[in-house]
Amino acid sequence: MKNIKKNIGLAGILGLIGLTIASCDLDLLPLNDVVLENFWTNKDDVQSVVNSCYLGLQESGCVEKFVLWGEGRSDNIVEGEDVDEDIKNMLRGNMKTTNTICDWAPFYEVINRCNVVEMYAPEVAVKDPNYSNSDLAVNLAEVKTIRALCYFELVKAFNRVPFSFKPSIDDDQEYFLTQTDGELIIDTLIMDLESCKNNAPRRYAHDMRKNSGKVTRAAIYSLLADLYLWRASDANLDASRQKEYYQKCIECCDYVMQFKVYEYNLDEDGEFAKTIDRDVYSDFRFPLLAEEKEGKNSNGPLATNAIFGTGNSFESIFELTYENTEDDAKQKNEDVSRLYGNSTSQGGGRSQQLSANDKLITEVITGKAYDDTKVFSCMTDYRSIASFKYDDSEIFKILKYVVSNNKAGSGTGYGKVLSSSSSKWEAPAHSTEQDVRVSGARTEGWIFYRITDVMLMRAEAETCLAAIINPATIETGTISLNMDDAMIVPEASKSIIGSDSLLYQDAFNLVSAVYMRSNPGAWDNDKCRPQAGTYTSYSSMLALVELERQRELMFEGKRYYDLVRHARRDGNTSWYKAKVGTKFSQASRAALAKMNMMDFMYLPVLKDQMKINPLLVQNPVYYDEEELVKN
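Residue numbers for the sequence shown follow my numbering, beginning at 25 and rising by one.
What follows is the structure in structure tokens.
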């Protein structure tokens with residue numbers, strides 16, 4: 025299909041990964057003959073194309089879509105400075121079929137590379153005795169995971185998309201595909217990953233960059249958990265199927281959580297022990313990085329800097345990793361730098377096309393009590409000042425990924441940040457308390473999965489599963505939690521699936537563990553943390569989980585899909601509209617009216633793609649008018 029693929033001939037591969045083959049050799053045979061007869065001959069050939077699959081995700085285009093599709097459309101984001109017209113229209117809810125943000129081509133280019141590896145790698149295993157069956161199994165697990173990641177992103181963004189595991193090899197091949205229903209694609213991806221989930225390495229020795237920068241078993245299980253959670257959210261499923269998918273999600277999360285505990289215990293040098301939050305580990309028996317040094321000296325946010333500044337942290341499971349250099353010959357993360365900004369010095373640098381929604385903090389944070397009606401209600405939460413910068417007169421600048429060494433808690437001491445002259449909360453002076461990235465480096469990573477994401481996926485699955493097991497808890501307020509028990513050890517998950525009360529309890533504890541890591545000051549102020557007695561129904565517990573996901577995963581490409589997943593469970597857009605509708609004040613009346621349609625949550629098919637492939641069908645929201653014109 026010419027509109028969803030890129031020629032993956034040898035010349036293209038060489039341009040991507042710089043194989044050491046003399047250019048004169050390429051002129052001896054036609055391109056396709058070189059690919060089929062001369063290239064796929066040994067282990068190095070396969071590994072080179074596998075590497076190109078990783079590089080394809082890093083290229084400009086894919087990361088842009090991860091940011092804009094998964095975060096830009098959410099209630100976390102509004103317009104920043106010097107916004108492109110296409111981005112401005114997306115943020116205002118005025119999507120058009122000509123908006124290039126809807127271009128899915130970058131993902132299909134990566135998918136095609138993965139398909140090519142799956143086709144030719146088995147032949148190399150026959151030709152090259154140095155390319156073992158175990159090598160083949162690892163490479164196939166890698167490309168299947170990358171392919172599933174791309175298709176999952178497409179399904180979440182468009183719902184129905186062209187789908188095939190067959191590669192397009194050359195421009196003479198007719199490759200037009202109809203769209204496949206998103207639920208069928210998810211089912212197929214699950215089966216594909218289930219078949220290879222134990223073929224990837226558990227870890228790459230002690231190399232943290234590889235452990236999170238390449239596909240591991242934990243990465244596959246994390247993606248599977250996400251797929252199962254999405255699949256279970258289909259309101260058209262019967263309760264038994266939903267229960268099955270939620271159980272599978274919990275089991276996959278368990279694998280990842282157990283592995284992280286194992287990895288922590290395997291640390292013979294005790295380096296991890298020096299960096300984890302001892303209070304969280306003591307109360308919840310899970311190793312999360314500490315925001316402050318032991319003793320609470322208000323010198324954080326250490327975990328934030330390790331995860332998003334340095335990158336490839338202990339908590340990371342799978343992320344795009346860019347070499348820390350200003351060498352323009354090396355791959356750069358142009359998209360995050362362009363969209364979130366990348367300052368060169370105090371008060372200067374590149375502008376941010378996206379900024380944090382000023383509604384994330386709308387009034388003074390007194391620090392007196394946790395409040396579920398607000399994203400941030402206590403002054404103890406590092407995420408309220410480490411994720412973005414409040415400024416009463418300017419946009420709320422995004423700091424996550426942009427700042428390499430945030431010093432939000434230094435100076436006057438964390439928590440002492442109220443302004444007597446402002447009706448709003450004020451953060452410490454970030455402009456003088458942070459080390460920013462060098463503009464020319466553009467080395468920000470992009471995290472697909474990290475352990476707190478997995479913990480909160482499990483909490484969401486447990487909450488939804490508990491409501492299926494005992495529907496009486498949905499609205500009647502019958503949940504009773506015994507918080508004297510510690511967080512349930514992952515190995516015990518199979519024994520708790522039959523108990524709705526234990527599922528709710530474990531979900532609450534998972535949320536509490538993530539929350540308390542970012543709120544070290546709340547250990548001394550019990551009112552600044554969620555109280556178990558407040559969550560007496562399914563709806564209140566789910567709201568707690570979703571709010572914690574918003575705080576913890578802010579600007580990481582997760583929030584919009586969390587909103588869509590909730591709407592899918594409800595079978596309507598009422599809750600979704602309440603969240604995102606506030607940012608669409610400049611949208612046309614036609615666009616606002618269409619928010620009642622479930623298909624409004626998904627993107628239109630790009631008009632250029634429709635012209636190339638006559639088999640494509642447009643999103644029904646865009647049937648009547650190809651462009652939404654303001655009335």
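Beta carbons: idealized from backbone N, C-alpha and C, even for Gly.
Assign residue i to one of two classes, buried (16 or more other C-beta atoms within 10 Å of its C-beta) or exposed (fewer than that).
i	result
Thr497	buried
Val150	exposed
Thr169	buried
Asn260	exposed
Thr328	buried
Met215	exposed
Pro130	buried
Lys413	buried
Ser257	buried
Gly371	In this prediction, Gly371 scores a pLDDT of 41, lower than 50, which makes its location untrustworthy; the coordinate-derived value is nonetheless stated afterwards. Label assigned to Gly371: exposed.
Lys120	buried
Ser411	buried
Ala617	exposed
Pro495	exposed
For residue i, tell me which candidate among the options has the shortest Cα-Cα distance.
i	options	result
Ile471	Cys77, Lys424 and Asn430	Lys424
Ile341	Ala567, Ile475 and Glu147	Ile475
Ser536	Ala491, Met479, Thr122 and Arg592	Met479
Gly206	Pro186, Pro225 and Cys220	Pro186
Tyr144	Ile331, Lys190, Lys180 and Ile101	Lys190
Met625	Met634, Gln633 and Ala615	Ala615
Asn163	Leu115, Asp68 and Ala256	Asp68
Val73	Val167, Met119 and Ile111	Val167
Gln555	Leu290, Met621 and Ala393	Ala393
Val604	Gly294, Thr487, Cys276 and Leu587	Leu587
Glu177	Asn494, Glu142, Thr202 and Leu213	Leu213
Thr487	Lys267, Thr606 and Glu418	Lys267
Met714	Asn222, Ser525 and Arg613	With the chain covering 25 to 655 only, the question about residue 714 has no answer from this structure.
May I have the straight-line CA-CA distance separating residue i from residue j, to the nearest angstrom?
i	j	result
Glu576	Ser609	27 Å
Asp395	Ala567	12 Å
Asn183	Asp623	8 Å
Ala485	Met578	20 Å
Tyr528	Gly469	34 Å
Arg226	Glu343	16 Å
Asn113	Val102	11 Å
Ser246	Tyr585	16 Å
Phe332	Ser428	7 Å
Glu95	Asn549	32 Å
Phe338	Tyr132	31 Å
Tyr175	Trp547	42 Å
Asn357	Val87	8 Å
Arg593	Ser401	28 Å
Asn430	Gly365	15 Å
Thr23	Asp110	With the chain covering only 25 through 655, there is no way to say anything about residue 23.
Glu147	Trp64	8 Å
Asn154	Asn66	8 Å
Met540	Ala224	33 Å
Ala531	Thr404	22 Å
Gly237	Gly335	10 Å
Gly545	Cys552	8 Å
Arg573	Gln376	24 Å
Val399	Tyr559	17 Å
Asn637	Asp293	57 Å
Leu363	Glu287	35 Å
Asp509	Arg302	Residue placement at Asp509 cannot be trusted, given a pLDDT of 49 that sits under 50; what the coordinates show is reported in the next sentence. Distance between the alpha carbons of Asp509 and Arg302: 18 Å.
Leu313	Asp108	37 Å
Gly464	Ser598	Its pLDDT being 46, under 50, Gly464 is placed unreliably in this model, and the coordinates cannot settle the point.
Ala181	Val134	17 Å
Thr124	Trp93	12 Å
Looking at residue i: is its Cβ nearer than 8 Å to the Cβ of residue j?
i	j	result
Val280	Gly581	no
Arg171	Cys138	yes
Ser542	Glu315	yes
Met619	Lys601	yes
Met481	Leu253	yes
Pro628	Tyr647	no
Ala229	Ile492	no
Ile210	Arg265	no
Leu639	Phe308	no
Lys607	Leu115	yes
Ser379	Lys421	yes
Compute the minimum distance between the beta carbon of residue i and the heavy atoms of the ligand COA, and state whether it is under 7 Å.
i	result
Arg116	Looking for the ligand COA in the displayed structure turns up nothing, as the structure carries no ligands at all.
Any contact between the stretch 274-289 and the stretch 232-247? By contact I mean 3 or more CB pairs, one from each, below 8 Å. With three or more CB-CB distances shorter than 8 Å, the stretch 274-289 counts as touching the stretch 232-247.
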